[in-house]
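Residue 983 in our numbering sits at position 140 of the sequence shown, with consecutive numbering throughout.
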Amino acid sequence: MAKILLVDDDPQALASMCKILEYASHEVVTASDGQAALEEIRPARNAGRAGNRFELVITDVRMPRLGGLEFLRALSLCGESTPVILMTAFGKVEDAVWAMKLGAVDFLTKPFKRQALLTAVDTVLKRVRPMAALERQEKNPAAGVGMLDSLIGQSAPMRELRDIIRRVAPTDATVLLAGESGTGKELVARCIHRESERKARKFIALNCAAVPEQLIESELFGFEKGAFTGATGVKDGLFEAANEGTLLLDEIGDMPLQLQASLLRTLQEGEVRRLGANEPRKVNVRVIAATHRDLRESVRAGNFRQDLLFRLEVISIRVPALRERIEDVPELAAHFLDVAAKRHRKDVQAFSQAAMQVLLEHSWPGNVRELSNVIERAVVFATSAEIALEDLPQHLAAASSGGMAKPRTPGGTIEVPLGASLKEVEDLLIRKTLEATSGDKNMTAKLLGINSRTIYRKLDKRS
């Protein structure tokens, strides 16, 4: 599925993780420390290839010669953008903080279970792969179709969405994207950027729900040397990094309330103040915010500033749910089939009539992301050139064959062992809901009635 660079100075741990990843069909290259890992990456870069050969790097923190944090810094200095998952047996908060500040996308504490490793890898790849393809297209637009053509579908809602983007993109107005999880809000944001006058500049995305609360401020605004314990150097925040470009603040509804005032000031004044700095610095950034929440309800609940909402929704765009444009499913399914067949080197070319009928009848609570996951799974399990009904997930096929009413959201019952502790019940509930939503953490949080940040925290503890 992916080519992964695995870095650890413990031969036994390296062999064990390598076996787990290879069993999951990943191609794994190993290195004993950060220096050896850099030597694996550099030949491809020096040969003039785009980026490096690896889709993901997983590295230990504490290693001889060059540790994980130093390796991460070296990657950044080389201009490499490969996502990195850091792991450590020490579980130090300081390591996690610095890992996030240096650009790590995830952090695993040893010992972790096999499924925790596979889930972390799968989550990162699903987020990074489509964005990497779009970035290649942005850098070389002549090599492919226009960005708006990446918004697949000819339904009325999609035609209207493309028309709105054409009118909004040339302006510098702040945009608020609203829509359910999995509808493609980040893709819409990238389209707005690519169709704007800022297209030659950077597009940077930050998921406000995925970054620990204590790190968001330094991530956005940067810091000066000595601003806090461990701040041994100066770091630009994302506003400065995106200067003259576009900054996407995804899941803006999860931004801590105390930070919202700083964001409002930046939007109004066009300047940022690094942590520990005396003077503000001017920035020229177009901000696009995205949320799956009803922000007006969040304002009423006291969780979101009304003045910030007014400032963000200069232009508000609603991204339609997949069930509202169900006629686009065949075109989307064909696209995901082509992508998955190439990725997994399978000769799968079409859908049976029964399989397509099931796809058209499903309500898709996870939207386009869920459809993509379902198609990729079907391609992996397909035994012929045509995806059959039995290749689809059991809950889809069962709902169709049994004539059951289609739920608007994932449903069902969960069996709890007698005598299970409250924590065991909680873990089981989270795990089963994640399975039902195809790994969508935001929808899982919504169904369970908790904050998405709580889901991220509990999953981290479970790992």
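Just so you know, even glycine gets a beta-carbon here, dropped at the ideal spot from N, CA and C. All figures in this text were calculated on a predicted structure; none of them were measured in a lab.
- According to DSSP, Phe-1194 shares a beta bridge with Ile-1230.
- As summarised for the segment 1044-1111, the continuous alpha helix (DSSP H) elements at least 4 residues long and confined to that stretch are 1059-1064 and 1081-1084, given in chain order.
- Glu-870: member of the beta strand (DSSP E) spanning 870-874, first to last residue.
- Per DSSP, reduced to three states, the secondary structure at Arg-1129 is strand.
- In this structure, DSSP gives Phe-1153 a helical state, which the three-state scheme calls helix.
- Judged by DSSP secondary structure, Phe-1179 falls outside any beta strand (DSSP E) and instead within the alpha helix (DSSP H) spanning 1172-1186.
- Rounded to whole angstroms, the gap between the alpha carbons of Ala-1032 and Leu-1063 is 18 Å.
- For the pair of segments examined, the segment 1168-1176 was found not to touch the segment 1116-1135: the number of CB pairs separated by less than 8 Å stays below three.
- Tyr-866 counts as exposed, since fewer than 16 other beta carbons sit within 10 angstroms of its beta carbon.
- With respect to Ala-1197, Lys-1189 sits apart: the two C-beta atoms are not nearer than 9 Å.
- Rounded to whole angstroms, the gap between the alpha carbons of Asp-852 and Glu-1219 is 34 Å.
- Shortest Cα-Cα distance from Met-930 to any of Gly-1209, Arg-905 and Leu-918 involves Arg-905.
- Going by beta carbons, Leu-849 and Ile-901 fall inside the 9 Å limit.
- Membership of Met-930 in the beta strand (DSSP E) is indicated by the continuous run 927-931.
- With fewer than 16 other CB atoms across the displayed protein chains lying within 10 angstroms of its CB, Phe-1153 is exposed.
- Along the segment 988-1044, the alpha helix (DSSP H) occurs as fully enclosed runs of 4 or more residues at 999-1011 and 1028-1037, listed in sequence order.
- Ser-1159 has Leu-1019 as its beta-bridge partners, per DSSP.
- Contact annotation: the segment 1158-1166 does not touch the segment 1038-1053, with fewer than three C-beta pairs closer than 8 Å.
- Separation of the CB atoms of Leu-1155 and Phe-1179 is rounded to 32 Å, and the pair is thereby denied contact status at 8 Å.
- Collapsing the DSSP output to three states places Leu-909 in coil.
- For Phe-1224, there is no enclosing beta strand (DSSP E); the residue is found in the alpha helix (DSSP H) stretching over 1210-1224.
- In the structure shown, the three-state DSSP call for Arg-1116 is coil.
- The criterion of a C-beta distance shorter than 9 Å is satisfied by Leu-991 and Glu-1038.
- When the Cα atoms are used, Ile-995 and Asp-949 turn out to be separated by approximately 30 Å.
- For Leu-1302, there are no CB contacts under 7 Å within the same chain when 5 residues up- and downstream are skipped.
- If you compare the alpha carbons of Thr-1276, Leu-1271, Ala-845 and His-1135 with that of Glu-1029, the shortest gap goes to His-1135.
- Membership of Lys-953 in any alpha helix (DSSP H) is not indicated, and neither H nor E is assigned to it by DSSP.
- Your pair Thr-1017 and Val-1157 checks out as a contact, with CB atoms roughly 5 Å apart and the cut at 8 Å.
- The three-state secondary structure of Ile-901, taken from DSSP, is strand.
- The beta-bridge partner set that DSSP reports for Ile-847 consists of Val-871 and Leu-899.
- Judged by pairs of C-beta atoms under 8 Å, the segment 1134-1150 does not touch the segment 1079-1091, as fewer than three such pairs exist.
- Here Ile-1293 is exposed, its C-beta having fewer than 16 other C-beta atoms within 10 Å.
- Around the CB of Thr-1297, fewer than 16 other CB atoms lie within 10 Å, so the residue is classed as exposed.
- Separation of Val-1191 and Ser-993 (C-alpha to C-alpha, rounded to the nearest whole angstrom) is 22 Å.
- Taking a contact as a CB-CB distance under 8 Å, the pair Ile-1230 and Ser-1195 counts as one, their CB atoms being some 6 Å apart.
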